[in-house]
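S.K.: Would you mind keeping the following structure in view while I ask a few things?
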(Lines of atoms letter the chains of each structure in order from A and count residues from 1; the text may use other names and numbers.)
(Lines give C-alpha, C1' and ligand atoms only; values in the text may rest on other atoms or scores of the structure.)
Protein backbone atom coordinates (compact mmCIF):
# COMPACT_ATOMS: atom_id res chain seq x y z
CA UNK A 1 0.00 0.00 0.00
CA UNK A 2 1.19 3.53 -0.78
CA UNK A 3 -0.24 6.85 0.37
CA UNK A 4 0.33 9.44 -2.37
CA UNK A 5 3.21 9.10 -4.80
CA UNK A 6 4.75 12.48 -5.49
CA UNK A 7 8.32 11.28 -5.05
CA UNK A 8 9.06 7.62 -4.45
CA UNK A 9 11.80 6.47 -2.12
CA UNK A 10 11.33 2.75 -2.66
CA UNK A 11 11.57 0.33 -5.55
CA UNK A 12 8.57 -1.64 -4.28
CA UNK A 13 5.46 -1.81 -6.44
CA UNK A 14 2.43 -1.66 -4.15
CA UNK A 15 -0.85 -3.23 -5.16
CA UNK A 16 -2.88 -0.35 -3.71
CA UNK A 17 -2.19 3.36 -4.13
CA UNK A 18 -4.30 6.04 -2.45
CA UNK A 19 -3.89 9.45 -4.11
CA UNK A 20 -5.41 12.45 -2.37
CA UNK A 21 -5.44 14.85 -5.33
CA UNK A 22 -3.88 15.74 -8.64
CA UNK A 23 -1.12 18.17 -7.64
CA UNK A 24 2.17 16.76 -8.87
CA UNK A 25 3.84 16.63 -5.46
CA UNK A 26 1.25 13.97 -4.63
CA UNK A 27 1.04 11.94 -7.85
CA UNK A 28 3.99 12.65 -10.17
CA UNK A 29 5.64 9.24 -9.76
CA UNK A 30 2.52 7.23 -10.52
CA UNK A 31 4.00 6.03 -13.82
CA UNK A 32 6.87 4.32 -11.98
CA UNK A 33 4.37 2.13 -10.14
CA UNK A 34 2.64 0.63 -13.14
CA UNK A 35 3.09 -3.07 -13.75
CA UNK A 36 1.71 -5.48 -16.33
CA UNK A 37 2.11 -8.62 -14.16
CA UNK A 38 0.44 -7.05 -11.11
CA UNK A 39 -1.45 -3.87 -12.08
CA UNK A 40 -2.10 -1.78 -8.95
CA UNK A 41 -5.45 -0.39 -7.93
CA UNK A 42 -5.15 3.39 -7.78
CA UNK A 43 -7.77 5.27 -5.77
CA UNK A 44 -8.14 9.00 -6.45
CA UNK A 45 -10.83 11.73 -6.56
CA UNK A 46 -13.37 10.91 -9.22
CA UNK A 47 -12.76 14.22 -11.01
CA UNK A 48 -9.06 13.34 -11.40
CA UNK A 49 -9.57 9.96 -13.09
CA UNK A 50 -9.66 11.14 -16.71
CA UNK A 51 -6.78 13.64 -16.31
CA UNK A 52 -4.73 10.90 -14.65
CA UNK A 53 -5.53 8.48 -17.47
CA UNK A 54 -4.39 11.10 -19.99
CA UNK A 55 -1.21 11.77 -17.99
CA UNK A 56 -0.28 8.08 -17.86
CA UNK A 57 -0.92 7.63 -21.58
CA UNK A 58 1.13 10.70 -22.55
CA UNK A 59 3.96 9.58 -20.26
CA UNK A 60 4.01 6.21 -21.99
CA UNK A 61 4.17 7.90 -25.39
CA UNK A 62 7.05 10.10 -24.23
CA UNK A 63 9.01 7.09 -22.96
CA UNK A 64 8.69 5.26 -26.29
CA UNK A 65 9.04 8.25 -28.62
CA UNK A 66 11.35 7.57 -31.58
CA UNK A 67 11.37 3.81 -31.12
CA UNK A 68 7.89 2.58 -31.98
CA UNK A 69 4.74 4.02 -33.49
CA UNK A 70 2.23 4.36 -30.64
CA UNK A 71 -1.47 3.97 -31.29
CA UNK A 72 -3.16 5.72 -28.31
CA UNK A 73 -6.26 3.60 -28.86
CA UNK A 74 -4.28 0.44 -28.08
CA UNK A 75 -2.52 1.68 -24.96
CA UNK A 76 -3.21 -0.11 -21.71
CA UNK A 77 -2.83 1.67 -18.39
CA UNK A 78 -1.22 -1.20 -16.46
CA UNK A 79 -3.29 -0.09 -13.49
CA UNK A 80 -6.90 0.27 -12.43
CA UNK A 81 -7.98 3.86 -11.76
CA UNK A 82 -10.83 3.95 -9.24
CA UNK A 83 -12.62 7.25 -8.71
CA UNK A 84 -13.78 7.95 -5.17
CA UNK A 85 -15.90 10.59 -3.50
CA UNK A 86 -16.90 11.70 -0.03
CA UNK A 87 -18.32 9.02 2.26
CA UNK A 88 -17.44 6.10 0.00
CA UNK A 89 -16.61 3.00 2.03
CA UNK A 90 -14.07 0.93 0.13
CA UNK A 91 -13.24 -2.70 0.69
CA UNK A 92 -9.48 -3.03 1.03
CA UNK A 93 -8.03 -6.47 1.57
CA UNK A 94 -10.18 -8.98 3.44
CA UNK A 95 -10.15 -7.35 6.84
CA UNK A 96 -9.96 -3.63 6.09
CA UNK A 97 -12.26 -0.83 4.98
CA UNK A 98 -11.38 2.68 3.86
CA UNK A 99 -13.69 5.68 4.23
CA UNK A 100 -13.27 8.71 1.99
CA UNK A 101 -13.47 12.26 3.35
CA UNK A 102 -13.64 15.47 1.34
CA UNK A 103 -10.79 17.83 2.17
CA UNK A 104 -10.77 21.64 2.00
CA UNK A 105 -8.22 22.49 -0.69
CA UNK A 106 -7.83 24.50 -3.88
CA UNK A 107 -8.62 21.45 -6.05
CA UNK A 108 -10.79 18.38 -5.39
CA UNK A 109 -8.96 16.47 -2.67
CA UNK A 110 -9.81 13.61 -0.37
CA UNK A 111 -8.53 12.01 2.79
CA UNK A 112 -8.72 8.33 3.71
CA UNK A 113 -9.68 6.72 7.00
CA UNK A 114 -8.47 3.14 7.45
CA UNK A 115 -10.42 0.66 9.58
CA UNK A 116 -9.98 -2.93 10.62
CA UNK A 117 -13.14 -4.89 9.87
CA UNK A 118 -14.02 -7.60 12.41
CA UNK A 119 -16.96 -9.94 12.78
CA UNK A 120 -18.72 -9.32 16.09
CA UNK A 121 -21.86 -10.73 17.65
CA UNK A 122 -24.87 -8.51 17.02
CA UNK A 123 -25.97 -6.50 20.04
CA UNK A 124 -29.28 -8.31 20.33
CA UNK A 125 -27.43 -11.60 20.83
CA UNK A 126 -24.64 -10.48 23.14
CA UNK A 127 -26.48 -11.60 26.27
CA UNK A 128 -26.62 -15.20 25.03
CA UNK A 129 -24.39 -17.99 26.23
CA UNK A 130 -22.32 -20.09 23.86
CA UNK A 131 -24.80 -22.91 24.24
CA UNK A 132 -27.68 -20.58 23.37
CA UNK A 133 -25.93 -19.68 20.15
CA UNK A 134 -25.27 -23.33 19.31
CA UNK A 135 -28.96 -24.11 19.86
CA UNK A 136 -30.08 -21.22 17.65
CA UNK A 137 -27.81 -22.37 14.84
CA UNK A 138 -29.28 -25.87 15.06
CA UNK A 139 -32.74 -24.43 14.52
CA UNK A 140 -31.69 -22.12 11.69
CA UNK A 141 -28.27 -22.66 10.19
CA UNK A 142 -28.69 -19.57 7.96
CA UNK A 143 -29.30 -17.23 10.88
CA UNK A 144 -26.78 -14.38 10.77
CA UNK A 145 -25.66 -13.72 14.33
CA UNK A 146 -22.63 -11.60 13.55
CA UNK A 147 -22.07 -8.29 11.82
CA UNK A 148 -19.10 -6.34 10.53
CA UNK A 149 -17.73 -3.76 12.96
CA UNK A 150 -15.22 -1.10 12.02
CA UNK A 151 -12.30 -0.33 14.31
CA UNK A 152 -10.41 2.87 13.41
CA UNK A 153 -6.69 2.40 12.70
CA UNK A 154 -5.41 5.66 11.22
CA UNK A 155 -6.43 8.54 8.98
CA UNK A 156 -4.41 10.03 6.14
CA UNK A 157 -5.54 13.54 5.30
CA UNK A 158 -4.74 15.17 1.98
CA UNK A 159 -3.90 18.83 1.52
CA UNK A 160 -6.47 20.79 3.47
CA UNK A 161 -7.23 23.36 6.12
CA UNK A 162 -8.02 22.51 9.76
CA UNK A 163 -11.73 23.08 9.10
CA UNK A 164 -11.96 19.34 8.47
CA UNK A 165 -11.52 18.70 12.20
CA UNK A 166 -14.68 20.66 12.91
CA UNK A 167 -16.52 19.20 9.94
CA UNK A 168 -15.68 15.55 10.72
CA UNK A 169 -14.98 15.75 14.44
CA UNK A 170 -17.05 12.67 15.29
CA UNK A 171 -15.35 10.49 12.68
CA UNK A 172 -11.76 11.74 12.75
CA UNK A 173 -11.22 11.86 16.48
CA UNK A 174 -11.99 8.15 16.73
CA UNK A 175 -8.65 7.39 15.07
CA UNK A 176 -5.68 6.77 17.38
CA UNK A 177 -3.34 8.19 14.73
CA UNK A 178 -3.91 11.01 12.24
CA UNK A 179 -1.47 11.87 9.46
CA UNK A 180 -2.07 15.47 8.46
CA UNK A 181 -0.20 18.17 6.64
CA UNK A 182 1.34 21.13 8.46
CA UNK A 183 2.77 23.22 5.65
CA UNK A 184 3.59 26.28 7.74
CA UNK A 185 4.79 26.83 11.30
CA UNK A 186 5.48 30.59 11.37
CA UNK A 187 2.19 32.36 11.95
CA UNK A 188 3.60 35.87 11.56
CA UNK A 189 5.10 35.17 8.16
CA UNK A 190 2.72 32.66 6.64
CA UNK A 191 -0.79 33.00 8.10
CA UNK A 192 -2.12 34.84 5.06
CA UNK A 193 -0.31 32.53 2.67
CA UNK A 194 -1.75 29.43 4.35
CA UNK A 195 -5.25 30.82 4.01
CA UNK A 196 -4.77 31.79 0.35
CA UNK A 197 -3.47 28.40 -0.78
CA UNK A 198 -5.66 26.36 1.60
CA UNK A 199 -2.95 24.65 3.60
CA UNK A 200 -2.52 24.01 7.32
CA UNK A 201 -0.58 26.36 9.56
CA UNK A 202 0.39 25.17 13.04
CA UNK A 203 -1.50 27.91 14.90
CA UNK A 204 -4.79 26.66 13.44
CA UNK A 205 -3.99 23.00 14.07
CA UNK A 206 -2.64 23.37 17.59
CA UNK A 207 -5.96 23.55 19.41
CA UNK A 208 -7.06 20.19 18.04
CA UNK A 209 -3.77 18.60 19.04
CA UNK A 210 -4.09 19.97 22.58
CA UNK A 211 -7.72 18.88 22.85
CA UNK A 212 -6.84 15.29 21.95
CA UNK A 213 -3.69 14.17 23.76
CA UNK A 214 -4.80 10.57 23.27
CA UNK A 215 -4.31 10.89 19.49
CA UNK A 216 -0.92 10.81 17.79
CA UNK A 217 -0.65 13.50 15.11
CA UNK A 218 1.97 12.76 12.46
CA UNK A 219 2.71 16.03 10.67
CA UNK A 220 3.82 15.99 7.03
CA UNK A 221 4.11 18.24 3.96
CA UNK A 222 6.21 21.01 5.51
CA UNK A 223 6.93 23.95 3.22
CA UNK A 224 10.45 24.20 1.82
CA UNK A 225 10.56 27.64 3.41
CA UNK A 226 11.28 25.77 6.66
CA UNK A 227 14.44 23.69 6.84
CA UNK A 228 14.55 20.42 8.76
CA UNK A 229 16.42 21.85 11.74
CA UNK A 230 13.94 24.71 12.12
CA UNK A 231 11.07 22.24 12.16
CA UNK A 232 12.76 19.97 14.70
CA UNK A 233 13.60 22.89 16.99
CA UNK A 234 10.11 24.31 16.74
CA UNK A 235 8.39 21.13 17.88
CA UNK A 236 11.12 20.24 20.36
CA UNK A 237 10.40 23.48 22.20
CA UNK A 238 6.67 22.77 22.20
CA UNK A 239 7.37 19.38 23.78
CA UNK A 240 4.06 17.81 22.80
CA UNK A 241 4.27 14.02 23.23
CA UNK A 242 1.45 13.36 20.77
CA UNK A 243 3.10 15.24 17.86
CA UNK A 244 5.50 13.53 15.46
CA UNK A 245 6.94 15.77 12.72
CA UNK A 246 7.77 13.54 9.77
CA UNK A 247 10.67 15.22 8.00
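Residue numbers (my numbering): 2 to 248. Where is the CB? At the ideal position from N, CA and C, for every residue including glycine.
Run through DSSP, which three-state label would residue 2 get?
M.R.: The sequence position of residue 2 within the chain shown is 1, counting from 1. If DSSP states are grouped into helix, strand and coil, residue 2 belongs with coil.
S.K.: Quick one: residues in its chain with C-beta nearer than 6 Å to the C-beta of residue 176, no 5 flanking neighbours on either side, listed in chain order?
M.R.: Working through the chain shown from its first residue, we reach residue 176 at position 175. Same-chain partners within the cutoff: 153, 155, 156.
S.K.: Does the Cβ of residue 100 have 16 or more other Cβ atoms within 10 Å, making it buried, or fewer, making it exposed?
M.R.: The residue given as residue 100 occupies position 99 in the chain shown. Per the 10 Å Cβ criterion, buried.
S.K.: Can you tell me whether residue 140 is buried or exposed? The criterion is at least 16 other CB atoms within 10 Å of its CB, across all chains shown.
M.R.: Residue mapping note: residue 140 aligns to position 139 of the chain shown, counting from 1. With fewer than 16 Cβ atoms within 10 Å of its Cβ, residue 140 is classed as exposed.
S.K.: Residues in the same chain with beta-carbon distance under 6 Å from residue 220, minus the five sequence neighbours each way, listed in chain order, please.
M.R.: Here residue 220 is taken as the residue at index 219 of the chain shown, counted from 1. 183, 246.
S.K.: What do you reckon, are the CB atoms on residue 1 and residue 161 nearer than 7 Å?
M.R.: Summary: the structure shown does not reach residue 1, with the chain confined to residues 2 through 248, and so no result is reported for it.
S.K.: Hey, out of 84, 149, 172, whose CA is closest to residue 45's CA?
M.R.: Here residue 45 corresponds to residue number 44 of the chain shown, with the count starting at 1. It is 84 whose Cα lies nearest to the Cα of residue 45.
S.K.: What is the DSSP secondary structure of residue 52, counted as helix, strand or coil?
M.R.: As a working mapping, residue 52 is identified with position 51 in the chain shown. Residue 52 falls in the helix class under three-state DSSP.
S.K.: Among 12, 132, 202, which has the Cα closest to the Cα of residue 163?
M.R.: Along the chain shown, read from residue 1 onward, the residue named residue 163 stands at position 162. That would be 202, whose Cα lies nearest to the Cα of residue 163.
S.K.: Does the region 38–52 touch the region 14–22, meaning 3 or more C-beta pairs lie closer than 8 Å?
M.R.: Output reads yes: the region 38–52 touches the region 14–22.
S.K.: For residue 199 versus residue 151, is the C-beta spacing smaller than 7 Å?
M.R.: Your numbering for residue 199 matches position 198 in the chain shown. Your numbering for residue 151 matches position 150 in the chain shown. Contact flag unset, no.
S.K.: In chain order, what residues of the same chain have a beta carbon less than 6 Å from the beta carbon of residue 158, not counting five sequence neighbours either side?
M.R.: Counted from its first residue, the chain shown places residue 158 at position 157. So the qualifying residues of the chain are 112, 181.
S.K.: Say whether the region 121–129 touches the region 22–38, bearing in mind that this needs 3 or more beta-carbon pairs closer than 8 Å, one atom from each stretch.
M.R.: With a cut-off of 8 Å, the region 22–38 and the region 121–129 do not count as touching, because too few Cβ pairs lie within range.
S.K.: Taking the beta strand (DSSP E) that residue 195 belongs to, which residues open and close that run?
M.R.: As a position in the chain shown, residue 195 is number 194, starting the count at 1. Taken as a continuous stretch (DSSP letters only), residue 195 belongs to no beta strand (DSSP E), being part of the alpha helix (DSSP H) at 188–198.
S.K.: In angstroms with no decimal places, state the Cα-to-Cα distance between residue 186 and residue 104.
M.R.: Within the chain shown, residue 186 is the residue found at index 185, counting from 1. Within the chain shown, residue 104 is the residue found at index 103, counting from 1. Each residue's alpha carbon lies about 20 Å from the other.
S.K.: Name the DSSP bridge partner or partners of residue 91?
M.R.: Here residue 91 is taken as the residue at index 90 of the chain shown, counted from 1. DSSP lists 99 as partners of residue 91.
S.K.: Roughly how many angstroms lie between the CA atoms of residue 3 and residue 15, to the nearest whole one?
M.R.: Locating residue 3 in the chain shown gives position 2, counting from the first residue. Locating residue 15 in the chain shown gives position 14, counting from the first residue. Rounded to whole angstroms, residue 3 to residue 15 spans 6 Å at the Cα level.
S.K.: I believe residue 232 touches residue 223 by the beta-carbon criterion, under 8 Å. Please report the beta-carbon distance rounded to the nearest angstrom.
M.R.: Position 231 of the chain shown, counting from 1, holds the residue named residue 232. Position 222 of the chain shown, counting from 1, holds the residue named residue 223. Right, the Cβ-Cβ distance comes to about 6 Å (below 8 Å), so this counts as a contact.
S.K.: So for residue 226, helix, strand or coil by DSSP?
M.R.: Working through the chain shown from its first residue, we reach residue 226 at position 225. Here residue 226 sits in coil by DSSP.
S.K.: Since residue 24 and residue 108 should fall inside the 8 Å C-beta cutoff, what is the C-beta to C-beta distance between them, to a whole number of angstroms?
M.R.: In the chain shown, residue 24 corresponds to position 23, counting from 1. In the chain shown, residue 108 corresponds to position 107, counting from 1. That belief holds up - the Cβ atoms of residue 24 and residue 108 are roughly 7 Å apart, short of 8 Å.
S.K.: If I follow the unbroken alpha helix (DSSP H) through residue 172, where does it start and stop?
M.R.: Taking the chain shown and counting its residues from 1, the one referred to as residue 172 is at position 171. Counting along the chain, the alpha helix (DSSP H) containing residue 172 begins and ends at 170–173.
S.K.: Exposed or buried, what is residue 211 when buried is set at 16 or more other beta-carbons lying within 10 Å of its beta-carbon?
M.R.: On the chain shown, residue 211 is found 210 positions in, with the first residue counted as 1. The residue is exposed, with fewer than 16 neighbouring Cβ atoms inside 10 Å.
S.K.: Which one or two residues does DSSP pair with residue 111 in a beta bridge?
M.R.: As a first step, residue 111 must be located in the chain shown, where it is residue number 110. 103.
S.K.: Rounded to the nearest angstrom, what separates residue 90 and residue 115 at their Cα positions?
M.R.: Residue mapping note: residue 90 aligns to position 89 of the chain shown, counting from 1. Residue mapping note: residue 115 aligns to position 114 of the chain shown, counting from 1. Each residue's alpha carbon lies about 10 Å from the other.
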